Amino acid sequence: MSAPARDPPIDRDGTRLDQPHVRWQVRVRGLDKRFGTNHVLDAVDLDIERGKVNVVIGASGAGKSVLIKHFMCLLRPDRGSVWVDGTDVFSLSPKPLSTFRRKFGLVFQFSALFDSLTVEENCAFPLKEHTAKSRSEIRDIVADRLGALGLHDTQKKYPGELSGGMRKRVGLARALVLEPEILIFDEPTTGLDPLATRNVDEMILAAVDRYKVTSVVISHDMASVFRIADRIAMIQNRTILAAGTVAEIQDSREPYLFEFIRTSGVAAAFGAADAAHDGQGVR
Ligand SMILES: Nc1ncnc2c1ncn2[C@@H]1O[C@H](COP(=O)(O)OP(=O)(O)O)[C@@H](O)[C@H]1O
Ligand SMILES: [Mg+2]
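Numbers in this note's numbering are just positions in the sequence shown, counted from 1, shifted up by 915.
Put into structure tokens, the structure is as follows:
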């Protein structure tokens, strides 16, 4: 027998998984993940499009956060692979892995800012930690990111003095200082009222437009999803039930997907979606 493991990995479309793909920046193939007897992901395939807003939807507990944690190897699967620009994520040893992870910016559900630092100091922190940039370079980068997100006036303020929506903006500005290629937002609008949600949506679109980043957004607020998404993938029953452009998803006749969109849409229209719980459960 030959040794199949040494053959270059070829995808269904004939392209090589171990080389960057012009369109798909992240390619998930056959991902399987269990926690003990809890089988969370089963043979998941997913493509994330470069420079676009890719939204992952699904019920609470469906496995959305677990799935995206695999992208940067915060979790390891039981089976399957994730390729990011041709890199086999789970093959990386610790040092290349930590370099690789700098491709990503994480914007947490709960902004996780340092309360005792000003907005400016919060945003400067990753640059001081991870780069050898001078004070004036750092000041310029931070000013650029804060300016791009409409936060000029908040530089000297402390997170506690800002609204929830503003804190999310600061969280994004901080994620952007290290020039990530891929931004990950795990339920960025959970706990925000409809106006603040719209504000965060605009912020995501502004960041994608200005910095040309690839975005992966987990959301269950369908009004928000349809405002920001280029592509939508839905997880249900351990796997991807449907994935495609917004038009393809809207046209889907998949009953569960149809029902999910319909019921979420009604809730959002009444302003009830998520307003009740300010999810602090960062995972
Ligand atoms: N670190 C973990 N250890 C054990 N079980 C986990 C862990 N993270 C998530 N799970 C379980 O995996 C399932 C999917 O969780 P998650 O991806 O967080 O759902 P969601 O779609 O709401 O983001 C849940 O049953 C959750 O309890
Ligand atoms: Mg989650």
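Note that beta-carbon positions come from the ideal geometry of N, C-alpha and C, so glycine has one too.
Every value quoted in this text rests on a predicted model; they were computed, and no experiment measured them.
Would the beta-carbon of residue i fall within 9 Å of that of residue j?
i	j	result
D1000	H954	no
Q1151	A974	yes
H1045	L1077	no
R942	V997	yes
I1143	S980	no
V1131	I972	no
D993	R949	yes
L946	L932	no
L1064	A1122	yes
I1099	F1015	no
F1037	P1074	Position check: residue 1037 holds Asn in this sequence, whereas Phe was assumed. It is a contact, given that the beta carbons lie within the stated cut-off.
F986	I1155	no
A1162	L1172	no
A1027	G1106	no
A1088	V1115	no
Around the C-beta of residue i, are 16 or more other C-beta atoms found within 10 angstroms, so that it is buried, or is it exposed?
i	result
H1067	exposed
G1186	Note that G1186 scores 38 on pLDDT, short of 50, meaning its location in the model is unreliable; the coordinates nonetheless yield the value given after this. By the neighbour-count rule (16 or more Cβ atoms within 10 Å), G1186 is not buried but exposed.
A879	A question about residue 879 goes unanswered here, because the residues of the chain that appear run from 916 up to 1198.
T1069	buried
I925	exposed
A1047	exposed
D1030	exposed
D922	exposed
Q940	buried
V1197	Model confidence at V1197 stands at a pLDDT of 31, short of 50, so the residue's coordinates are unreliable; what they give is reported in the following sentence. It counts as exposed.
T952	exposed
E1174	exposed
E1052	exposed
L1110	exposed
G976	exposed
Since residue i contacts residue j with CB under 8 Å, what's their CB separation in whole angstroms?
i	j	result
A1138	L961	So it is not a contact: roughly 23 Å between Cβ atoms.
T1104	D1124	T1104 to D1124, Cβ: 19 Å. No contact.
K1127	G995	Contact doesn't hold; Cβ gap of about 29 Å is too wide.
T1160	R1146	6 Å
Does the beta carbon of residue i fall short of 8 Å from some heavy atom of ligand 1?
i	result
I1097	no
V955	yes
F950	yes
S975	yes
I1150	yes
L961	no
L1021	no
L946	no
L1172	no
Mind checking whether the beta-carbon of residue i lies closer than 8 Å to any heavy atom of ligand 2?
i	result
S980	yes
E1102	yes
I1155	no
I1133	yes
Using CA coordinates, which residue listed in the options is at the minimum distance from residue i?
i	options	result
V970	I1176, F1141, S1179 and Y1171	F1141
T1129	L1028, P1170 and V968	V968
E1035	L1091, R1054 and G1020	R1054
L1032	K1010, S1179 and K1071	K1071
L1120	Y1171, G929 and R1084	R1084
Q934	R1113, T1002, S1051 and A1039	T1002
R1113	L990, L1091, M1081 and G1086	M1081
P1041	L1007, R1146 and A1090	A1090
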